[in-house]
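Peer 1:
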Amino acid sequence: MGDLTFDIAHMLAGGLVLLSFVMLYQDRLYALLNVYALHAVVLAASVAWQAFAQDAPHLYVTAAIALAFKAVVIPTALHRIIRRLGIHREIETVGGVGPTMLAGMGLVALSLAVMLRITPEAEPLAREDLAFALSVVLLGLLMMVTRRNAVSQVVGFMSLENGLVLAAAGAKGMPLVVEISVAFSILIAFIVIGIFLFRIRERFDTVDLHALDRFRGERR
Amino acid sequence: MNGLGFDAVAAVLLLPLAGAALLAVLPGYRLTARLNVLVSGLTLAAALALVLDGRPEPGTYLLVDDLNIVFIVLNTFVGFTTSVFSASYIGHELESGRLTPTYLRFYHAMYQVMMFGMNLALVANNIGLMWVAVELATLTTVLMVGIYRTHEALEAAWKYFILGSVGIALALFGTILVYMAARPVVGEGMDAMVWTVLLERAAGFDPALVNVAFVFLLLGYGTKVGLAPLHAWLPDAHAEGPTPISAVLSGLLLNVALYAVLRFKLLLAANPGGIATGPLMVTMGLASVLLAAVMLYRRRDIKRLFAYSSIEHMGIIVFAFGMGGPLANFAGLLHMVMHSLTKSAIFFAVGHVAQIKGTQRMSEIGGLTETHPWLGWSLVLGVVAIAGLPPMGIFMSEFLLVSSTFARAPVLTVILVAGLLLAFGALLMRLNGLAFGEPKGATAPAHASYVPMFAHLALVLAAGLFLPGPVVAWFQNVAALLG
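Residue numbers (my numbering), protein chains in the order written: chain A, 1 to 220; chain B, 1001 to 1483.
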């Protein structure tokens, strides 16, 4: 039974990393959003499984928030924004898929090497969870770096936050405060982003950050 | 508890929060601006009551000790004076049409929410709560930076938002790692996130885990401090937002992030297997000083100039705390206070100058001491102070730092002095063009509020001439606490 618990947690967390990779090479916004929604679903499943494995009912709340908010509300809202901005056909071409994927693999290897080395005494479940969580965080960062489009940068940031929630859920007995705050901060962050997207649309007729770069202060 | 019959800690937190709610619904610029000043003043009074009167016992969430009380008083004081400056600054913005009444209401509410976030981060005894508070302060400042909705303001806000969020995400990961390290020793649940408990039991933590956690925390909160190479958001955010926000960003928010780093530094120092945090901080500090000093020469925008100067000074402060020891810590603490006061005074002056001239380009500003003697000379005084000339307070703290570190690490000190001199040259060169010579640009009379500016500069001058005994004892106590 103990082995099965571990294996399922392992599989779900690994699935999260895999989906992060899938996000890395999506060049259409709608596809990217769909993968992100799936990412959130897997996160919810993973957190729920942790709740079961650790016998920590409050984690079910976190899982429910992840499922309702990140897998449904945010992707739907972003769909609408993309449609309203008329950028659903846009294709991003920063960096090749190959180098990005290689960099992603390097980051995963790095996080495994770091995390597994420093946590020899923690129980295997928390240990592997943490290693996977760091991978998701780093892949999210990589995605933010390689994208030029404001919407996909936001998606990258949210996948990064998913990694953080995974880490918080894996840390056994971590107080609820933190999970709620993470969810809450995503809500705030999303409102902020929504406002920004709107304003960017108002002013530039594009959400491509290259357009913003033109207005860099020192070159006036 | 204290003898006054009210809870000063609660007042420091609840006053800004109530103020924010009130300011969000009240119309009218004159009323709200005054209310903003009033609320900030009351918060300052509550903070002073905290110093004079007894302190509450550390609880699960809140803590007041010798270290954070310095930060709280500084925070509420500069918050108060900035609200006075903001009242006159914002009136002009309203007249010139850069802000609409709706945005103004939003601005005032956000100002108080930001003060709440910073105060909460400072009194938090819980590393999770501290993280939430820093995030709150960050988000509100992002909104304020973007408030003018120009191209530049939007880019600045976006850049600040993205870099700030990444920093904050890394800090959260570090926080989780600290919890993981504490759990086997302290046990599950809330206690493993309470800072005082963590510090007591830190000796038993797994060193490897805490070390990695500190790297994440230093990078995460260090982004908010504006340490090189994570400083890219800082000049834009300072230059494009309203000037009162530049003043609180430089004077306060950077300190709050630094305070978070210091708390975790103490945690590591209490662990026998912890890495030496000093070299990490010294390296990042020196890198910031040198980078900012070189960058100062190429600035054309007056607010960007002083934003880079903030990076330089945060570098000096982090260097001082990285060196450690009673003297360097004392110098770092003094420098932090002096920098906050001086830099916000400079931004007060710069804000009025930019409004009169209608531009932030330094090539279009000149001869200020002739056209606007009061404003011009206070800018001169501020820049003289920030450049580290005697008899101002920053000279004191820099002198103390250099003389105390020279015996321990001569090479590092030489590098630091090189950075200081470079920055000194750049600032004086720019000041010459701004304050003296042919008057340039519009010469409309200034409707400035001089009181906050002069109050800050007078304090800096007084600290440079004579530090009262109790203050010295207080700072020495904190410096000893920092190890």
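Positions of the beta carbon are idealized from the N, C-alpha and C atoms, including for glycine.
#1: Let me know if B:P1279 comes out buried or exposed under the rule of 16 or more other beta-carbons within 10 Å of its beta-carbon.
#2: May I ask you to report which of helix, strand or coil DSSP gives A:K172?
#3: Closer than 9 Å, CB to CB, is A:F204 near chain B or not?
#4: Could you tell me the boundaries of the alpha helix (DSSP H) in which A:Q26 lies?
#5: Are three or more beta carbon pairs between the segment 1415-1428 of chain B and the segment 1341-1360 of chain B nearer than 8 Å?
#6: Any C-beta of chain B within less than 9 Å: which residues of the segment 99-130 of chain A qualify?
#7: If you check the beta carbons only, do B:M1115 and B:P1016 fall under 9 Å apart?
#8: Buried or exposed for B:R1030, going by 16 or more other Cβ atoms inside 10 Å?
#9: Quick one: list the residues of chain B neighbouring A:V137, beta-carbon separation under 9 Å, in chain order.
#10: At which residues does the alpha helix (DSSP H) containing B:G1251 begin and terminate?
#11: By the 10 Å Cβ neighbour count, where 16 or more other Cβ atoms means buried, how is B:A1276 classified, buried or exposed?
#12: Quick check on DSSP: helix, strand or coil for B:R1361?
#13: At a cut of 8 Å, does the segment 67-78 of chain A reach the segment 27-44 of chain A through at least three beta carbon pairs?
#14: Could you tell me whether any Cβ in chain A is nearer than 9 Å to the Cβ of B:R1098?
#15: Can you list, in chain order, the residues of its chain whose CB lies under 6 Å from that of A:R216, leaving out five sequence neighbours each side?
#16: In chain A, which residues lie less than 9 Å from B:D1065 when you measure between Cβ atoms?
#17: Mark B:E1135 as exposed unless 16 or more other C-beta atoms lie within 10 angstroms of its C-beta, in which case mark it buried.
#18: Thinking C-beta only, is B:L1177 closer than 9 Å to B:V1225?
#19: List the residues of chain A whose Cβ lies closer than 7 Å to the Cβ of B:V1212, in chain order.
#20: For the segment 1-14 of chain A, which residues have a CB atom closer than 8 Å to at least one CB atom of chain B, in sequence order?
#21: Against chain A, which members of the segment 1124-1139 of chain B pass a CB distance test of less than 9 Å?
#22: Where B:L1099 and B:Y1450 are concerned, what is the direct C-alpha to C-alpha distance, given to the nearest angstrom?
#23: Can you have a look at B:T1371 and say buried or exposed, based on whether 16 or more other CB atoms are within 10 angstroms of its CB?
#24: Tell me whether B:G1483 sits in a helix, a strand or coil according to DSSP, three-state version.
#25: For B:G1366, write down the residues that DSSP places opposite it in a beta bridge.
#26: If you follow the alpha helix (DSSP H) that B:G1376 is in, where does it begin and where does it stop?
#27: In chain A, what lies closer than 8 Å to B:R1430 by C-beta?
#28: I'd like to know whether the C-beta of B:P1184 is nearer than 9 Å to at least one C-beta of chain A.
#29: Kindly list the residues whose CB is nearer than 6 Å to the CB of B:L1026, restricted to its own chain and excluding five residues on each side of it in sequence; keep chain order.
#30: Does the beta-carbon distance from B:F1347 to B:F1306 come in below 9 Å?
#31: Strictly below 7 Å CB to CB, what residues from chain A border B:Y1179?
#32: Name the residues in the segment 1299-1316 of chain B whose C-beta lies less than 8 Å from a C-beta of chain A; which are they?
#33: Just the C-alpha distance for B:S1040 and B:G1079, rounded to the nearest angstrom, thanks.
#34: Report yes or no: is there a C-beta of chain A within less than 9 Å of the C-beta of B:A1208?
#35: Please compile the residues from chain B whose C-beta is within a distance smaller than 9 Å of the C-beta of A:F132.
#36: For B:M1144 and A:V42, I'd like the C-alpha separation in whole angstroms.
Peer 2: In short:
#1: exposed
#2: coil
#3: Since pLDDT at A:F204 reaches only 44, below the 50 mark, its modelled position is unreliable, and no value is offered.
#4: Per DSSP, A:Q26 belongs to no alpha helix (DSSP H) and is neither H nor E.
#5: no
#6: V114, M115, R117, I118, T119, P120, E121, A122, A126 and L130
#7: yes
#8: exposed
#9: A1169, L1170 and F1173
#10: Here B:G1251 belongs to no alpha helix (DSSP H), and DSSP marks it neither H nor E.
#11: exposed
#12: strand
#13: yes
#14: no
#15: Unreliable placement is indicated for A:R216, whose pLDDT of 46 sits below 50; no coordinate value is reported for it.
#16: Residues of chain A passing the Cβ test: none, with the nearest at roughly 22 Å.
#17: buried
#18: no
#19: V114 and I118
#20: none
#21: N1126, G1128, L1129, W1131, V1132, E1135, L1136 and L1139
#22: 23 Å
#23: buried
#24: coil
#25: B:K1440
#26: P1373 to A1387
#27: Those within 8 Å of B:R1430 in chain A number zero; the least Cβ separation is about 15 Å.
#28: yes
#29: T1032
#30: yes
#31: A171 and M174
#32: R1299, R1300, D1301 and R1304
#33: 6 Å
#34: yes
#35: By Cβ distance, chain B contributes nothing, its closest Cβ being about 13 Å from A:F132, past 9 Å.
#36: 36 Å
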